[in-house]
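*Asks:*
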Amino acid sequence: MIHDIAFYIFAFLTLACGALVIANPFSRNPVTSAMFLVLCIASMAGLFVLLHAFFLAAVQVLVYAGAVMVLFLFVIMLLDLKEEERRKLKVFGLAAGAISVGAVAAILMRLIWVGRPGNGLSAPILEGETRRLGHVLFEQYLLPFEILSLLLLVAMVGAILLSKKDLK
Amino acid sequence: MHAGLEHYLTVSALLFCLGLFGVISRRNLLVIYMSLELMLNAANLAFVALSRFTNNIDGQVMVFFIITVAAAEVAVGLALIVALYRKKQSAHVEDLTSMKL
C-alpha cells in the first residue's frame with residue numbers, strides 16, 4: 000500500500016519536473032531547465048529504490064544529479080545565453096512536433112495497455128539485489144566493464160582536446 | 000490501483016515522449032541536450048522495471064553501462080558545444096547553418 004502511494008508520488012514528480020525541463024511557462028532560462036532536470040533525476044532515483052535497484056539509485060544520484068548536472072551548469076554559465084530568451088517560437092513547428100509526439104505516445108500506450116506485458120508477472124520478494132548485481136557485473140560482464148573504463152579515458156581525452164583554444 | 004509493470008512502463012513512455020517533444024520543439028542546444036538525457040533516463044526506467052518484474056538482473060547491468068556511457072557522451076558533447084560556441088558565438092540551432100547548401 001505504502002509502496003503504491005510512493006510510486007504515484009515519485010511518478011508524478013518525475014513527469015512534472017520533466018515537463019518543466021522542456022517547457023517552463025515562467026522562465027526560458029536554461030538554468031531553470033537544468034535545476035528541474037536535477038529534481039526529475041532525483042525522483043527517478045526514488046522510483047529505482049521502489050524497484051529494489053538500490054545501487055542504481057545511488058549511481059543515478061551520484062553520476063547524473065551530481066557530475067553530469069554540474070557539467071551542464073558549468074557550461075551554461077560559461078556561455079552567455081541572455082539573448083536566447085527573446086526568440087519567437089514557431090507555431091507550425093510546435094504543432095507538427097506535438098502531433099508527431101502524440102502519435103508516438105498513443106502507439107506506446109496502446110502497446111503497453113493492450114499487450115499488457117506485466118500480465119501474470121508479479122515482483123518477487125528479493126533480498127541482496129546489489130550483491131547479485133556485483134556478482135553478475137564482475138563475472139559475466141567483466142570484459143565490457145573493462146572496455147567501459149577505456150571508453151571513459153577516451154572521452155576524457157576527447158573532451159580535453161575539443162576544449163583547447165586553437166582547435167585544429 | 001496496484002503499481003505493476005504497466006504503470007512503470009507508462010511513466011517511462013510518457014517521459015520518453017516529453018524528451019522527444021523537447022528535442023523537436025526547443026531551439027537551444029543545451030536544452031535539447033537535456034531533453035536527450037531525459038529520453039535516456041526513460042529508457043533506463045523501462046530497463047529497471049522489466050529487470051525487476053522478470054527477475055533478471057541483466058537489465059540492471061545494462062542500465063549501469065548506459066549511465067556510464069551517457070556520462071562520457073555528455074562530457075564530449077558539452078565540449079563540442081563549447082567549441083561551437085567559440086566559433087559562432089551562439090548556442091541556437093537556427094544560427095548553425097554552415098552545412099546548409
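Keeping their order, the protein sequence lines are chains E and L.
With numbering that gives the first Met the number 0 applied, the first sequence has no gaps in its numbers, which climb one by one up to 167 at the end.
With numbering that gives the first Met the number 0 applied, the second sequence has no gaps in its numbers, which climb one by one up to 100 at the end.
For each residue, glycine too, the CB sits at the ideal point set by N, CA and C.
All of these numbers come straight from a predicted model, not from anything done at the bench.
1. Do R85(L) and L50(E) have their C-beta atoms within less than 8 Å of each other?
2. What residues of chain E sit near V92(L), judged by a beta carbon separation below 8 Å?
3. Is it buried or exposed for F11(E), if we count other Cβ within 10 angstroms and need 16 for buried?
4. Taking only runs of the beta strand (DSSP E) that begin and end inside the segment 48-72 of chain E, which ones reach a length of at least 3 residues, in chain order?
5. Measuring CB to CB, does L37(L) end up less than 8 Å from L8(L)?
6. What residue range does the alpha helix (DSSP H) around Y7(L) cover?
7. So, F64(L) versus L61(E), is the Cβ gap smaller than 8 Å?
8. Excluding five sequence neighbours on each side, which residues of the same chain lie with their C-beta closer than 7 Å to the C-beta of L36(E)?
9. Indicate whether at least one CB of chain L lies closer than 8 Å to the CB of L72(E).
10. In chain L, what lies closer than 7 Å to S32(E) by C-beta?
11. Taking only three categories from DSSP, how would you classify H1(L)?
12. Strictly under 8 Å for the Cβ-Cβ distance: is L79(L) near chain E by that measure?
13. How many Å lie between M98(L) and A154(E) at the Cα?
14. Using C-beta distances below 8 Å, list every residue in its chain close to T129(E), excluding the 5 sequence neighbours before and after it, in chain order.
15. If the cut is a Cβ gap below 9 Å, which residues of chain E does I65(L) touch?
*Replies:* On the basis of the data shown:
1. no
2. By Cβ distance, chain E contributes nothing, its closest Cβ being about 11 Å from V92(L), past 8 Å.
3. exposed
4. Counting only runs of 3 or more, we get nothing.
5. no
6. L4 to S24
7. no
8. Hits under 7 Å: V20 and M68.
9. no
10. V30 and M33
11. coil
12. yes
13. 25 Å
14. F53 and F54
15. Ordered by position in chain E, no residue passes the 9 Å Cβ test against I65(L), which lies about 10 Å from the chain.
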